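Reading through the structure tokens given below for one structure.
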Amino acid sequence: MKHLICENKEQVSLKYDILIAILGIGGFISAADNWFVSPILPAIASEFNASISKTGIILTLYMIPYGIMQPVYGYFSDCYSKVRILKLIICGFALGTCGCAFASSLFVLSIWRTVTGFFAAGIIAVSLALIGDTVPVSKRSKYVGKFMEIVFLGQGFSTGLGGTLAKYVSWRVLFIFFVAAAICTVFLLFTIPKGNIVPVDKKFFTEVKRVTLTPSGKIIFPMAFIAGFLFLGLYSYLGAYFHYALKLNYMECGIIVMFYGFACLGAGSIMGKLNVKMRYKNVIILGEIFALMTTLFLINFHCWEMGLVATVSLGIGYIFVQSTLATMAFDVASDSKVLPSGLIGFGLFCGGGLGSAFSGFVIAKISYQLLWIIFFIFISIFIFVTYKQIDNE
Numbered sequence: 168m169k170h171l172i173c174e175n176k177e178q179v180s181l182k183y184d185i186l187i188a189i190l191g192i193g194g195f196i197s198a199a200d201n202w203f204v205s206p207i208l209p210a211i212a213s214e215f216n217a218s219i220s221k222t223g224i225i226l227t228l229y230m231i232p233y234g235i236m237q238p239v240y241g242y243f244s245d246c247y248s249k250v251r252i253l254k255l256i257i258c259g260f261a262l263g264t265c266g267c268a269f270a271s272s273l274f275v276l277s278i279w280r281t282v283t284g285f286f287a288a289g290i291i292a293v294s295l296a297l298i299g300d301t302v303p304v305s306k307r308s309k310y311v312g313k314f315m316e317i318v319f320l321g322q323g324f325s326t327g328l329g330g331t332l333a334k335y336v337s338w339r340v341l342f343i344f345f346v347a348a349a350i351c352t353v354f355l356l357f358t359i360p361k362g363n364i365v366p367v368d369k370k371f372f373t374e375v376k377r378v379t380l381t382p383s384g385k386i387i388f389p390m391a392f393i394a395g396f397l398f399l400g401l402y403s404y405l406g407a408y409f410h411y412a413l414k415l416n417y418m419e420c421g422i423i424v425m426f427y428g429f430a431c432l433g434a435g436s437i438m439g440k441l442n443v444k445m446r447y448k449n450v451i452i453l454g455e456i457f458a459l460m461t462t463l464f465l466i467n468f469h470c471w472e473m474g475l476v477a478t479v480s481l482g483i484g485y486i487f488v489q490s491t492l493a494t495m496a497f498d499v500a501s502d503s504k505v506l507p508s509g510l511i512g513f514g515l516f517c518g519g520g521l522g523s524a525f526s527g528f529v530i531a532k533i534s535y536q537l538l539w540i541i542f543f544i545f546i547s548i549f550i551f552v553t554y555k556q557i558d559n560e
């Protein structure tokens with residue numbers, strides 16, 4: 168009897184491992200596609216004979232739809248089969264990414280990056296919701312952790328690989344790889360049961376209004392927007408800065424920016440313990456201090472070694488702020504979990520899109536050095552606002 172029980176447990180564990188492996192492929196390519204463009208931005212600008220600030224529009228046009236669709240997918244994943252929605256959005260992701268791979272001009276690439284961002288927005292969010300529906304509460308954190316590790320690995324490895332391919336082959340190759348991986352994921356999703364559909368009576372915009380106007384929502388959602396503007400705006404042109412200001416080649420830029428993803432992975436692995444030992448407010452301020460240190464490193468040191476330290480510092484800071492705000496979002500409304508998380512994503516990436524546009528404008532008109540100084544001032548103000556606005560829970 169004990170043998171049968173152990174065997175049954177192993178089968179159940181294997182079932183969950185297979186689920187994470189399938190969803191992990193989608194999460195990997197979604198994260199990779201989101202983050203790898205920064206270090207290859209100079210290569211894209213060179214191919215299309217465009218300035219780096221003009222080419223940077225593809226960052227904004229990707230992040231804004233990526234942010235807007237976060238709460239939308241979160242809401243509708245409760246109304247329809249999550250597996251069916253995943254199939255649809257990964258097919259759309261594959262289509263947009265294929266368009267990016269064969270874009271004949273910067274204008275065409277911009278259109279396809281917008282399409283890709285529109286569909287990519289839901290892959291990680293819906294996958295997490297599917298894990299929540301499928302895996303028992305007692306094992307949920309373990310498998311969510313495994314899934315997020317795969318996501319962060321995609322974020323890290325893609326930047327180094329993208330820079331290497333941009334130098335030796337073409338930046339288009341990684342897009343083609345993403346298309347192939349997306350198609351494989353869609354076929355693998357047919358092996359997963361569709362699951363239960365939970366009817367949702369409340370209307371989308373009514374729910375958004377209700378959640379955002381809660382006392383906590385009035386604070387953390389604007390903070391997510393500001394954090395996205397500052398952290399992602401600062402990240403967006405790191406690869407270009409390393410290439411043009413520090414004279415690194417595409418591969419070297421990619422390798423340095425790769426450590427942003429690894430820093431996110433490392434910081435994410437300790438977030439659970441950190442949030443137990445420290446108050447949410449203090450973790451957020453600590454993350455902001457790491458970002459402030461990034462600007463100081465970039466302002467005062469002009470070498471790749473300190474560029475690497477600055478990149479790692481920014482990755483740690485981003486995860487400390489992003490993960491803590493996402494955790495706080497779970498308590499915004501007792502009867503709604505997915506939508507508040509989606510609204511955090513909305514704030515982060517819409518803010519990031521505008522932050523990227525702002526960074527491109529400053530670089531085009533003045534210099535990288537002034538950009539780092541401006542971000543130093545903005546982040547200093549943000550630390551003060553956080554200290555004053557967030558309750559010491």
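When you read off a place in the sequence shown, starting at 1, and then add 167, the result is the number in my numbering.
Glycine is no exception: its CB is placed at the ideal position from the N, C-alpha and C atoms.
Predicted model, so just to flag it, every value in this text is computed and none were measured.
Residue i versus the options, residue with shortest Cα-Cα distance
i    : options                   : result
I290 : A270, G323, P238 and G327 : P238
T381 : F285, L521, A407 and F497 : F497
L385 : Q556, L181 and S213       : Looking at the sequence shown, residue 385 is not Leu but Lys. The shortest C-alpha separation from K385 is found at Q556.
A288 : G512, I393 and I546       : G512
L255 : A270, F542, I350 and A217 : I350
L459 : I550, E316 and K376       : I550
T373 : V204, P232, S220 and L506 : L506
L413 : F203, V353, K440 and C470 : C470
I393 : I546, M230 and V476       : I546
I278 : Y447, M230 and K309       : M230
V204 : S180, T264 and K370       : T264
Between the CA atoms of residue j and residue i - distance to the nearest angstrom
i    : j    : result
T227 : A210 : 18 angstroms
I483 : S436 : 11 angstroms
V318 : L537 : 33 angstroms
F468 : N449 : 28 angstroms
Y404 : F215 : 18 angstroms
Y240 : F314 : 19 angstroms
E560 : I343 : Legend: pLDDT at E560 = 49, less than 50; position of this residue unreliable, value from coordinates given subsequently. Cα-Cα distance, rounded: 47 angstroms.
L453 : F487 : 7 angstroms
C258 : V346 : 9 angstroms
T132 : N201 : Since the displayed the chain opens at 168 and closes at 560, residue 132 lies outside it and no answer follows.
G400 : R280 : 18 angstroms
L521 : I235 : 13 angstroms
A391 : L465 : 24 angstroms
C517 : V282 : 15 angstroms
I172 : G284 : Note that I172 has pLDDT 48, beneath the 50 cutoff, so the model's placement of it is unreliable and the number below is only indicative. Their backbone Cα atoms lie some 45 angstroms apart in a straight line.
L475 : S248 : 43 angstroms
K306 : I456 : 34 angstroms
Y535 : A270 : 29 angstroms
Neighbour-count burial assignment, residue i, 16 or more Cβ in a 10 Å radius
i    : result
F528 : exposed
A524 : buried
I533 : exposed
I548 : exposed
Q489 : buried
L276 : buried
L397 : buried
K169 : Low confidence applies to K169: its pLDDT is 47, below 50, so where it sits in the model is not reliable, and the reading given next is rough at best. It counts as exposed.
Y242 : buried
T478 : buried
I544 : exposed
P360 : exposed
C431 : buried
Close Cβ partners of residue i (< 8 angstroms) along its chain, the five nearest in sequence each way excluded
i    : result
L355 : I189 and I192
E174 : In this prediction, E174 scores a pLDDT of 44, lower than 50, which makes its location untrustworthy; no coordinate-derived value is stated.
S213 : none
L463 : F543
S272 : F215
L415 : F409, I423 and W471
Cut-off 6 angstroms between Cβ atoms - residues of its own chain near residue i, not counting five sequence neighbours on either side
i    : result
A199 : G321 and S325
F388 : T379, L510 and G514
S244 : I252, V293 and A296
I541 : none
Under the three-state DSSP convention, the category residue i falls into
i    : result
R377 : helix
F468 : coil
R446 : coil
A531 : helix
T358 : coil
L171 : Only weak support exists for where L171 lies, its pLDDT of 42 falling under 50; the coordinates are left without a value.
S218 : coil
I185 : helix
S272 : coil
G299 : helix
I557 : coil
L492 : helix
F497 : coil
Cβ shell of residue i (< 7 angstroms), same chain only, five flanking positions each side left out
i    : result
C420 : P206, G330, G406, F409 and H410
F429 : G323
N442 : V450, T491 and T494
W165 : The chain is shown from 168 up to 560; residue 165 falls before or after that span and cannot be answered.
Below-8 angstroms beta-carbon distance, residue i vs any chain C residue
i    : result
V552 : No chain C appears in the structure shown, which is made up of a single protein chain.
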